[in-house]
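Novice:
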Amino acid sequence: MPPPVPRSASAPGPARAPDALRAQLLYPPPAFHFAVTFGSNAKDRDGAFREVTGLGPELETETVVEGGQNAFVHLLPKAAKHPKLVLSRGIATMESRLLLWCQAVLEGGFAQPIATQQLHVFLLDGDGAPLRVWAVSNAYPVKWSVEAFQATRNEVAIERIELAYAGSSRLV
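Residues are numbered in the working numbering as their position in the sequence shown, beginning at 1, plus a constant of 704.
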C-alpha cells in the first residue's frame, strides 16, 4: 500500500479553511442575535424583537391521481406563498416608526393606499456583523395585538405585529 500523499498548503477544503470559517461550517450560528429594519434605510433599526417567525416561501402543490398508477400520486407545483411574518417584542412607545406605520394602515380606514415597506432580517454574529440577511418585499401590517396581561405573572408586556408580504429572498 503506498503511503498517503500529504495535502499541499493550497489544497481546498475544510482542513485548510481559516479557523473562523471552519467554526462556521461545523457549528451553526445561534438564532438569538438578530435585528429587523424597515424602509429603504437598512441601517435604521426600530426596536429589538424577541421573536421573528414566518420567514420564507412555501410551494403549494396540487395532488393528481393517475389512472392505473396506484403506487403514488403526483404532486404538481401551483404557486409560491408566504406565511405571515410575525414580529414579537416588548411594548414600544407610540413614537416608534413601525407602530406609526401600523396605526396608519390598520386604523386608516382605507382613505389612503396602503404603504408597503421593505424589511430586512439580519442574523448577527457575536460582534453584531451580519451572518445572513433576508429581504422581505412589499410588506404591510394585517394585525397588531397585545398578549394577555396577567396579575399572577411578572413578565414583560408583549406586542405582536403580523405582516403580509409578497416575497422574500436570502441576500447573504
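Don't be surprised by glycine CBs; every beta carbon is placed ideally from N, CA and C.
#1: Out of H778, P781, L802, V846, which one is the CA nearest neighbour of K788?
#2: Examine the Cβ distances between the region 854-865 and the region 828-838 and report whether three or more of them are shorter than 8 Å.
#3: Locate the beta strand (DSSP E) running through L827, then write down its first and last residues.
#4: I'd like to check one pair, N842 with A870: are the Cβ atoms closer than 9 Å?
#5: If I follow the unbroken alpha helix (DSSP H) through R801, where does it start and stop?
#6: If I'm right that I818 touches Y844 with Cβ under 8 Å, what's the distance once you round it to whole angstroms?
#7: To the nearest angstrom, how far is the alpha carbon of I795 from that of R874?
#8: Would you tell me roughly how many angstroms separate the C-alpha atoms of E766 and L803, rounded to the nearest one?
#9: From R754 to R793, what distance separates their C-alpha atoms?
#10: From this set, V777, A775, F738, Q822, which residue's C-alpha is nearest V840's C-alpha?
#11: Does DSSP put I862 in a helix, a strand or coil?
#12: To which residues of the same chain is G760 closer than 7 Å at the C-beta, ignoring the five residues directly before and after it?
#13: Within its chain, find whatever has a CB closer than 7 Å to the CB of T820; leave out the 5 residues flanking it on each side and keep chain order.
#14: Using only the alpha-carbon positions, how far apart do E811 and A752 sit?
#15: Tell me whether H778 is buried or exposed, calling it buried when 16 or more other Cβ atoms sit within 10 Å of its Cβ.
Specialist: Result, derived from the coordinates:
#1: V846
#2: no
#3: 821-828
#4: yes
#5: 801-810
#6: 5 Å
#7: 28 Å
#8: 39 Å
#9: 5 Å
#10: Q822
#11: strand
#12: S872
#13: N842, A843, Y844
#14: 24 Å
#15: exposed
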